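This note's numbering numbers the first residue of the sequence shown as 28 and each following residue consecutively. Note that beta-carbon positions come from the ideal geometry of N, C-alpha and C, so glycine has one too. None of the values given here were measured: they were computed from a predicted structure.
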Amino acid sequence: MWHCLCLLISTQLKNTTMATTKTPAQTDTVQESALNELFIDELKDIYWAEKHLAKALPKMAKAATSDKLRTAIENHLAETENHVTRLEAAFESINEKAVAVKCEAMAGLLKEGDEIVAETEKGSITRDAGIISAAQKIEHYEIASYGTLKTLASVLGYQEAAELLDSTLQEEKNADSLLTKIAESGINQSSKTEKK
Ligand SMILES: [Fe+2]
Ligand SMILES: [Fe+2]
């Protein structure tokens, strides 16, 4: 997917170069500056998302029924706090101030998580199935965001930022796989037989 994004960006740069009266060097500068702006905006968005996720995860862990799920969420909370720190390092590596701008997508995903907890019975396996569903939607959003950010950082020549973003991307993927394993190891099966 990230390879496609790279191809798209380089094709766009080439097409714009051919269609304009600006010199190729001028066009590249304009395009890179727009891309740079997009990169920084996306960085601010995920910075807000991670900070708010770090606040929401303890509540989600507390609501979980199974020890396995609670431990997985608690472990990912520690990783999430580190994701915030890594983003601050990424901002610093490109000489930008770390600023959080509200991420509407994460705000919506967290609201959905709260609703699932409110609508399911405390101590039920069904609640765990719902928490896994909400948590995986969050992880998928993070995976998409970090994948794009890592590609943009590489295209813009921000090697240090690209490496920091890739480290977080791998942890998001691992968190997602672990949630799938927990769901497959019985929570979704048990919730089928649970009384409503
Ligand atoms: Fe994260
Ligand atoms: Fe995550």
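By the criterion of at least three beta-carbon pairs nearer than 8 Å, the segment 96-107 is not in contact with the segment 142-153. Taking non-hydrogen atoms of ligand 2 into account, the C-beta of Glu139 is found less than 6 Å away from none of them. In chain order, Ala125 place their CB closer than 7 Å to the CB of Glu115, counting only its own chain and leaving out the 5 sequence neighbours on each side. Glu166 has its CB nearer than 6 Å to a heavy atom of ligand 2.
A distance below 8 Å between beta-carbons, with the five flanking residues on each side excluded, links Glu123 to the following residues of its chain, in chain order: Ile67 and Leu70. Using a cutoff of 6 Å, the CB of Glu169 counts as near ligand 1, since one of the ligand's heavy atoms is closer than that.
In its chain, beyond the 5 residues on either side, Leu137 have a beta carbon closer than 6 Å to the beta carbon of Ala83. Short of 7 Å from the beta carbon of Lys200, and not among the five residues preceding or following it, lie these beta carbons of its own chain, in chain order: Ile170. Restricting attention to Thr207, Ala132, Thr195 and His167, the CA atom closest to the CA of Thr107 is found in Thr195.
Taking the CA atoms as reference points, Asp55 sits about 20 Å from Leu176. Pairwise C-beta distances place the segment 176-187 out of contact with the segment 159-166, as fewer than three of them are shorter than 8 Å. Contact check for Asp155 against Ala91 passes: the beta carbons are separated by less than 7 Å. A distance below 7 Å between beta-carbons, with the five flanking residues on each side excluded, links Ala61 to no residue of its chain. The beta carbons of Ser120 and Glu187 sit closer together than 7 Å. The criterion of a C-beta distance shorter than 7 Å is satisfied by Asn63 and Leu183. Relative to ligand 2, Ala202 has its C-beta within less than 6 Å of a heavy atom.
Under the three-state reduction of DSSP output, Ile67 falls in the helix class. With contacts defined by Cβ atoms closer than 7 Å, Val111 and Glu166 do not form a contacting pair.
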